[in-house]
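Here the structure comes first, spelled out in structure tokens, and everything after it is commentary.
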Amino acid sequence: MKTIFAALTIALILPGVSKAAEPKLEVTTLAENIYMLSGKGGGNIGVMTGPDGTFVIDDQLEKTVPVLLKTIEDLGGTTPPRFVLNTHYHRDHTGGNKVLQNKDTTIISQINTRKRLAKDTHIKAFNVTNKALPDNALPNVTFTKKMQFDLNGNRLDAVYFPRAHSDGDSVVYFRDANIVHTGDLFFNGMYPFIDVDNGGSILGLIAAVQKLIATTDDNTKIIPGHGPLASRADLIAFQDMLTFTNASVIDLKKEGKTLEQAIKADPLVDYDKKWSGGIFSTDKWLELLYTAP
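In terms of this note's numbering, the sequence shown opens at residue 163 and continues consecutively.
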């Protein structure tokens with residue numbers, strides 16, 4: 163198995179590292195005024211337009227903002243957005259904060275996300291330190307467990323999921339449209355990153371995905387943090403992979419296997435083809451969990 167990180171690995175953590183091409187955003191229409199915007203180098207963006215103003219979920223990288231604003235205008239939305247909600251603190255989801263808040267956009271997050279953005283954070287898996295964002299890039303509205311919005315004919319619920327991908331993860335439910343943006347609680351078709359250095363855990367992620375499965379149905383359109391638009395069946399497949407991986411790591415540790423021996427045992431051979439084409443190869447995914455505190 164290959165041990166090389168995908169190029170997306172660094173883009174997930176560090177803002178603006180890829181300068182090879184101008185950002186591009188692909189639009190997927192989910193409802194009359196709700197869209198998924200996706201592009202290389204950052205997490206998937208959710209957009210809702212309407213007379214009450216534009217609501218955006220995650221804002222990718224700073225350099226993406228001009229394209230994001232132009233795309234919103236093309237969709238008939240108003241700019242700057244009235245609200246931006248950060249699903250968690252990683253820079254591929256919050257890199258546009260500084261630009262947008264300077265345009266009088268209200269930025270919202272779970273309170274732990276703001277705390278993470280306000281200080282230096284080190285991530286051992288990538289050996290990088292994210293510097294604290296300036297005050298004008300921090301969320302200026304926070305919540306603890308849940309926040310409700312009634313905008314543009316839709317009820318939106320932002321719900322906190324503790325100790326999963328990080329310690330500040332939020333999911334946004336579009337209740338009337340049966341759409342959900344999971345942030346990085348869900349990587350569709352690839353092994354996920356779990357920020358174990360900053361409050362994340364495999365057990366917390368498994369619990370979060372179980373809750374997501376329980377609060378969606380076969381008609382729900384799911385915007386993952388990374389990867390293509392998903393269904394509940396995709397979410398269930400993700401949960402199966404997480405559960406099997408965790409059980410395998412527990413068994414291998416009980417047997418006294420070293421990391422190298424665990425990788426050689428190849429416990430995820432049946433999952434490798436489907437899940438190893440993104441951020442992590444199978445052995446790097448095992449390494450992340452095997453060495454987690």
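Ideal placement from N, C-alpha and C gives every residue a C-beta, glycine not left out.
Limits of the unbroken beta strand (DSSP E) element including residue i
i: residue 236; result: Not the beta strand (DSSP E): residue 236 falls in the alpha helix (DSSP H), residues 227–236.
i: residue 410; result: No beta strand (DSSP E) contains residue 410, which is instead part of the alpha helix (DSSP H) from 394–416.
i: residue 449; result: Element bounds for residue 449: not the beta strand (DSSP E) but the alpha helix (DSSP H), 444–452.
i: residue 310; result: 308–313
i: residue 340; result: No beta strand (DSSP E) holds residue 340; DSSP gives it neither H nor E.
i: residue 317; result: 316–323
i: residue 383; result: 383–385
Endpoints, the alpha helix (DSSP H) within which residue i is located
i: residue 436; result: 434–437
i: residue 366; result: 364–376
i: residue 244; result: Element bounds for residue 244: n/a, residue is neither H nor E.
i: residue 422; result: 421–427
i: residue 358; result: Segment: none, residue 358 is in no alpha helix (DSSP H) and carries neither H nor E.
i: residue 441; result: First-last for residue 441: undefined, no H or E at that position.
i: residue 264; result: Per DSSP, residue 264 belongs to no alpha helix (DSSP H) and is neither H nor E.
Straight-line gap, residue i to residue j (C-alpha atoms, nearest Å)
i: residue 347; j: residue 185; result: 24 Å
i: residue 438; j: residue 224; result: 28 Å
i: residue 168; j: residue 349; result: A caution first: residue 168 carries a pLDDT of 38, below 50, which makes its placement in the model too unreliable to give a value.
i: residue 427; j: residue 455; result: 22 Å
i: residue 252; j: residue 281; result: 12 Å
i: residue 308; j: residue 316; result: 16 Å
i: residue 246; j: residue 436; result: 32 Å
i: residue 450; j: residue 212; result: 42 Å
i: residue 216; j: residue 377; result: 25 Å
i: residue 257; j: residue 334; result: 19 Å
i: residue 193; j: residue 342; result: 12 Å
i: residue 403; j: residue 368; result: 10 Å
i: residue 244; j: residue 285; result: 32 Å
i: residue 173; j: residue 408; result: With a pLDDT of 49 at residue 173, under the threshold of 50, the modelled position of that residue is not reliable, and the figure given next carries that caveat. Taking the straight line joining both Cα atoms gives about 26 Å.
i: residue 321; j: residue 398; result: 20 Å
i: residue 209; j: residue 233; result: 10 Å
i: residue 266; j: residue 242; result: 7 Å
Same chain, Cβ closer than 6 Å to residue i, five either side skipped, listed in chain order
i: residue 351; result: 389
i: residue 328; result: 250, 357, 360, 361, 362
i: residue 337; result: 317
i: residue 111; result: There is simply no residue 111 to check, as the chain begins at 163 and stops at 455 in what is shown.
i: residue 201; result: 185, 186, 187
i: residue 214; result: 313, 314
Cβ separation of residue i and residue j, assumed to be a contact under 8 Å, to the nearest whole Å
i: residue 302; j: residue 269; result: 6 Å
i: residue 196; j: residue 230; result: With a Cβ gap of about 15 Å, residue 196 and residue 230 do not count as contacting.
i: residue 271; j: residue 248; result: 4 Å
i: residue 304; j: residue 292; result: In fact, because the Cβ distance is near 19 Å, the residues do not count as touching under 8 Å.
i: residue 275; j: residue 330; result: 4 Å
i: residue 443; j: residue 429; result: So it is not a contact: roughly 14 Å between Cβ atoms.
i: residue 227; j: residue 261; result: 4 Å
Own chain, CB closer than 7 Å to residue i, minus 5 neighbours either side, in chain order
i: residue 325; result: 361, 362, 363, 366
Sequence-distant residues of the same chain with beta carbon closer than 8 Å to residue i, five excluded per side
i: residue 255; result: 204, 205, 220, 221, 222, 248, 249, 345, 346, 387
i: residue 440; result: 168, 170, 349, 351, 352, 353, 388, 389
i: residue 379; result: 340, 394
i: residue 382; result: 340, 341, 342, 393, 394
Are the segment 376–391 and the segment 412–428 in contact at 8 Å, needing three or more beta carbon pairs?
-> no
Can at least three beta-carbon pairs, one atom from the segment 294–302 and one from the segment 357–372, be found at a separation below 8 Å?
-> no
Decide yes or no for the touch test of the segment 307–314 against the segment 352–361: beta carbon pairs closer than 8 Å, at least 3 of them.
-> no
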